[in-house]
Every structure is written in structure tokens, then in C-alpha cells.
Amino acid sequence: GHDLSAWFSTSGSGSVRNTASITTDRGTKTSNAVTVGFYFKITTSVTNGTITASTASQLPNTSRTISYSPVDSDHVLESVTIDGKAVDIKKHPKSYTFSGIKEDHTVSVKYKRVYKIETGASGGTITPKVTGIDKKEDRTITYTADKGYYLRRLRVDGKEVDVKRYPTSYTFHDISSDHVIKAEFLPIPELRITKRIYGEEMYPASGDPTFLFHIEGTDFTGERQEYTEVIRFTASDKKASGGIEKTIVRKDIPAGEYEI
4 GHDLSAWFST SGSGSVRNTA SITTDRGTKT SNAVTVGFYF KITTSVTNGT ITASTASQLP
64 NTSRTISYSP VDSDHVLESV TIDGKAVDIK KHPKSYTFSG IKEDHTVSVK YKRVYKIETG
124 ASGGTITPKV TGIDKKEDRT ITYTADKGYY LRRLRVDGKE VDVKRYPTSY TFHDISSDHV
184 IKAEFLPIPE LRITKRIYGE EMYPASGDPT FLFHIEGTDF TGERQEYTEV IRFTASDKKA
244 SGGIEKTIVR KDIPAGEYEI
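Here our numbering runs 3 ahead of the position in the sequence shown, where the first position is 1.
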């Protein structure tokens, strides 16, 4: 595992000292104490990233730092293996240092692809952007309307999905790519019904003037809806002259097209 690399005129740590006969270029011979120096090898490899190049000329009892980095921001460190044994990547997130080198070493680094979910919402809140998702994982994104708003649209990877199926959350299953989810909340519409009565309507022979309103139509999801509302005038509503007016407001009817 060692190569004779050079002759040194002084001894050093990790070297072998001996006496040798040296012939000069003029043909004379002399015997001198010399030091034989050896180099060690550090072999490096990486998957989905870059790493300090291998070396075959590492001097004994020296130190060497091996640095590594992912190919892009979509990859994270998965493992670092030193001489066939895994080391703690939390302690060595970007580099590994060999000190007092006395033998050959190997360094193998692997980066894995991770995924992200971009999120966005208007008129409400949504789970913040999620990063570092491992392949085959499941992730749930939740969203909530601001006060006075309702979920109007939900788009996943650019395609609109049924808000009736996913009213408060959406789960990505078996993730193997990046995703985008956007929630759009709109103000809850107000339905106002106003009724004004005059003359004899104000003073019926018996009972209170009462009016029944039937609200029927289709909401924004295409579902048929029906509602009933009543406006009743009582003696306390009467005025000395002119008409009487009352208004009711409904804030629980989803957006859509209705007839009254």
C-alpha cells in the first residue's frame, strides 16, 4: 500500500532511515544516511454533489480536510462513510478532517433528492412553504379563511380541485416531485332583503303583516340550495305617517345565483 516517493536528506516522522550508497553524476560513490519517505492515499467519492479530489500523495502525520457540497439546493446530505463506517452527519455536515494520518483512507458521501411544497393564500392563512420532504412521504397542507371570508378556489399544481372535498386541508401522498398549492378566499356575500309596507298593509284587521321569502338557486360549486326567510312587522314598528321598512341580512348563503 506504499510507494517509494523520494529520498530525503533529513529524517522525519513516518519515514524509514537507513544507509545507502549513492553514485553522483560524476561517477563517484559515497555512503550517506538517508530517509525514505512514504505517501498515503485518500480516496474520495460523492453521489449528487462535489467533493475534494482524491490524493495519492498525503504525507505521514499530517492533516487533511475533505469538503463536500450538494449539486443543488434540492439535495441534502444523506450519509458520510469513512473507511467503510458511517459517521454522524450532524457533526460533519460539510467536511471531514483526518489528523495525524498514518494509513490510507476512503471517504464516501451521498446526497439525496428532497422535495418542497410551495403554498399561497389570499383572504386566509395556509401552512407555510414546506421543504426537505423525503421521497414517498405524505404531507398535509391546511388552510383557514379570514373572518368574513370563504374558500372559493383551491389549485394544486395549477389545476383547480373540488373545494367540497377539501374544505380545510389537502394531503399530498407518496411524494416524488415538487408541488404548488394555492387557496383563494373571497368575502362571504351578504344577501339583503328589504320590504316596505304602506297604508292598509300597516294596519291589518288582525295579526301582524308577515311576508315569506323563498330563496332558491345554485351555489358556486353547482349544488342546488333553498332557503326561507320571514319579515314580520309588529305594532312597535308602526309610524304616525309614511311607510314602514324592514331589512334582513343573511351571511350564511354561499355565493351563487339565486332567485327570490
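Beta carbons: idealized from backbone N, C-alpha and C, even for Gly.
- In the DSSP assignment, what are the bridge partners of Ser111? Within the sequence shown, the letter at position 108 stands for residue 111. Answer is Ser48 and Thr84, bridged to Ser111.
- Query: According to DSSP, what are the bridge partners of Val117?
  - Reply: As a first step, residue 117 must be located in the sequence shown, where it is residue number 114. Partner(s): none; Val117 has no beta bridge.
- Query: With distances taken from CA atoms, which of Val112, Glu163 and Gly123 is nearest Thr147?
  - Reply: Reading the sequence shown from its first residue, position 144 is the one you call residue 147. The shortest C-alpha separation from Thr147 is found at Gly123.
- Message: Output needed for Lys113: all residues of its chain with C-beta closer than 6 Å, excluding positions within five of it in sequence on either side, in chain order.
- Response: The count along the sequence shown starts at 1 and reaches residue 113 at position 110. Once the five neighbours on either side are set aside, the close Cβ partners of Lys113 are Thr50, Glu81 and Ser82.
- Please list, in chain order, all residues of the same chain as Glu140 whose beta carbon is under 6 Å from its beta carbon, the five residues on each side excluded. The residue you call residue 140 lines up with position 137 of the sequence shown. Same-chain partners within the cutoff: Ile178.
- By Cβ distance below 8 Å, which residues in the same chain neighbour Glu260 in space, the five residues on each side in sequence not counted? For the purposes of this step, residue 260 is identified with residue 257 of the sequence shown, where counting begins at 1. Gly220 and Thr221, listed in sequence order.
- Out of Ser102, Gly210 and Val110, point me to the one whose CA is closest to Thr53's CA. Counting from one through the sequence shown, the residue named residue 53 turns up at place 50. Minimum Cα distance to Thr53 is reached at Val110.
- Task: Output yes or no for whether 8 Å exceeds the beta carbon distance between Pro192 and Tyr152.
- Result: Here residue 192 corresponds to residue number 189 of the sequence shown, with the count starting at 1. Here residue 152 corresponds to residue number 149 of the sequence shown, with the count starting at 1. Not a contact, by the Cβ cut-off of 8 Å.
- Top-ranked residue by Cα proximity to Ser102, from Lys94, Leu62 and Tyr118: Along the sequence shown, read from residue 1 onward, the residue named residue 102 stands at position 99. Comparing Cα-Cα distances from Ser102 to each of Lys94, Leu62 and Tyr118, the minimum goes to Leu62.
- Message: Here's the rule I'm using: 16 or more other beta-carbon atoms within 10 Å means buried, otherwise exposed. How should Ala56 be labelled?
- Response: Walking along the sequence shown from the start, residue 56 turns up at place 53. The Cβ neighbour count for Ala56, taken over all protein chains shown within 10 Å, is under 16; the residue is labelled exposed.
- Query: Which residue spans inside the region 112 to 165 form an unbroken beta strand (DSSP E) run of at least 3?
  - Reply: 118 to 125, 127 to 129, 133 to 136, 142 to 148, 152 to 159 and 162 to 164
- Message: Measuring alpha carbon to alpha carbon, tell me which residue in Ile104, Ile144, Ala89 and Thr171 is nearest Phe41.
- Response: Here the question's residue 41 lines up with position 38 in the sequence shown. Per the Cα distances, Ile104.
- Message: Let me make sure I understand the geometry here. Which of Ala258, His78, His95 and Phe175 has the alpha-carbon closest to that of Ile85?
- Response: Residue numbering aside, residue 85 sits at position 82 when the sequence shown is read from its first letter. Closest option to Ile85, Cα to Cα, is His95.
- Task: Would you decide whether Tyr71 is buried or exposed? Buried here means 16 or more other CB atoms lie within 10 Å of its CB.
- Result: The sequence position of residue 71 within the sequence shown is 68, counting from 1. Tyr71 comes out buried.
- Where does Val133 land, buried or exposed, given buried means 16+ other C-beta within 10 angstroms? Stepping through the sequence shown from its first residue, residue 133 is reached at position 130. Around the beta carbon of Val133, 16 or more other beta carbons lie within 10 angstroms, which makes this residue buried.
- Query: Between which two residues does the beta strand (DSSP E) containing Gly259 stretch?
  - Reply: The count along the sequence shown starts at 1 and reaches residue 259 at position 256. Element bounds for Gly259: Gly259 to Glu262.
- Task: Give the straight-line distance between the Cα atoms of Val166 and Ile144, rounded to the nearest whole angstrom.
- Result: Within the sequence shown, residue 166 is the residue found at index 163, counting from 1. Within the sequence shown, residue 144 is the residue found at index 141, counting from 1. Distance between the alpha carbons of Val166 and Ile144 is about 14 Å.
- Message: Taking only three categories from DSSP, how would you classify Ala56?
- Response: Counting from 1 along the sequence shown, the entry for residue 56 is found at position 53. Correct three-state label for Ala56: coil.
- Out of Glu248, Leu215, Arg227 and Ser239, point me to the one whose CA is closest to Ile263's CA. Taking the first residue of the sequence shown as 1, we reach residue 263 at position 260. Checking every option, the nearest Cα to that of Ile263 belongs to Leu215.
- Message: Within the continuous beta strand (DSSP E) that includes Lys97, where are the two ends?
- Response: Reading the sequence shown from its first residue, position 94 is the one you call residue 97. Here Lys97 belongs to no beta strand (DSSP E), and DSSP marks it neither H nor E.
- Item | Simplified DSSP assignment, three categories, for Ser172 | Counted from its first residue, the sequence shown places residue 172 at position 169. Ser172: strand per DSSP, three-state reduction.
- Tell me whether the beta-carbon of Ile120 lies closer than 8 Å to the beta-carbon of Ser98. Numbered from 1 along the sequence shown, position 117 holds the residue referred to as residue 120. Numbered from 1 along the sequence shown, position 95 holds the residue referred to as residue 98. Their beta carbons are not under 8 Å apart, which means Ile120 does not touch Ser98 by this criterion.
- Cα-Cα separation, Ser180 to Val79: Counting from one through the sequence shown, the residue named residue 180 turns up at place 177. Counting from one through the sequence shown, the residue named residue 79 turns up at place 76. Their Cα atoms are separated by approximately 15 Å.
- Message: Suppose you measure from the CA of Arg199 to the CA of Ile256; what does that come to, to the nearest Å?
- Response: In the sequence shown, residue 199 corresponds to position 196, counting from 1. In the sequence shown, residue 256 corresponds to position 253, counting from 1. Their backbone Cα atoms lie some 23 Å apart in a straight line.
- Query: So, are the CB atoms of Glu187 and Gly126 less than 8 Å apart?
  - Reply: Taking the first residue of the sequence shown as position 1, residue 187 is located at position 184. Taking the first residue of the sequence shown as position 1, residue 126 is located at position 123. Yes; because the gap between Cβ atoms is below 8 Å, this pair is in contact.
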